[in-house]
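Worksheet: the structure to be examined is printed underneath.
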Amino acid sequence: MNKEKITYITEQILMKNFLLNFVPGLPLYFEFSSLIDFSSFEGIASLIILITISWTLGLCFEILLFDNYYKTKVQLSNENSHYLLIAKFSLAICFAFIIELILFMIDSVDNSLVNEKAITRILLKKGMIVVLAALSWYHFKSKLNSEAK
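Residue numbers for the sequence shown follow our numbering, so the first one is 37 and each next one is one higher.
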């Protein structure tokens, strides 16, 4: 293989077509899999299920929230592709936390044993990660927008 084919495979196929959707889809997959509560298979079957569902969720996430980048993904530079990956992953972490918090509050309405201390514990445990993810999303989204102009 020559150098052009290797760079094409790594940049276009691996980075822009697979990783840009798979990595942000992982937090969404784990949140939705706990919601649906389906049993994953063993070995290669569970890996295939994880990859396809995560990639599909990441693609849907990109189409819904990053539509202008989805249409011009092929024209993005490598640096902008990395910025887009980090921005999407950060926003996916925020969405996964919001979904988890909503599900916990719905569960706490049904179960009167859950009190405010439990909700505060969840907010303190994961709140810092969500704040850092939101700041990271804002930073890399602004980098993408400034380089697009």
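Beta carbons: idealized from backbone N, C-alpha and C, even for Gly.
- Segment contact: the stretch 109 to 129 against the stretch 54 to 74, three or more CB-CB distances shorter than 8 Å; contact assigned.
- When DSSP assignments are scanned along the stretch 80 to 154, the uninterrupted stretches of alpha helix (DSSP H) that are 4 or more residues long and fall wholly within it turn out to be 80 to 101, 103 to 107 and 114 to 146.
- Fewer than three Cβ pairs drawn from the stretch 111 to 118 and the stretch 77 to 92 lie within less than 8 Å of each other, which leaves the two stretches out of contact.
- A straight-line Cα-Cα distance of about 33 Å links Lys161 and Lys52.
- Sorting Ser144, Ala132 and Tyr174 by C-alpha distance to the C-alpha of Leu64 places Ala132 at the top.
- Judged by DSSP in its simplified three-state form, Asn53 adopts helix.
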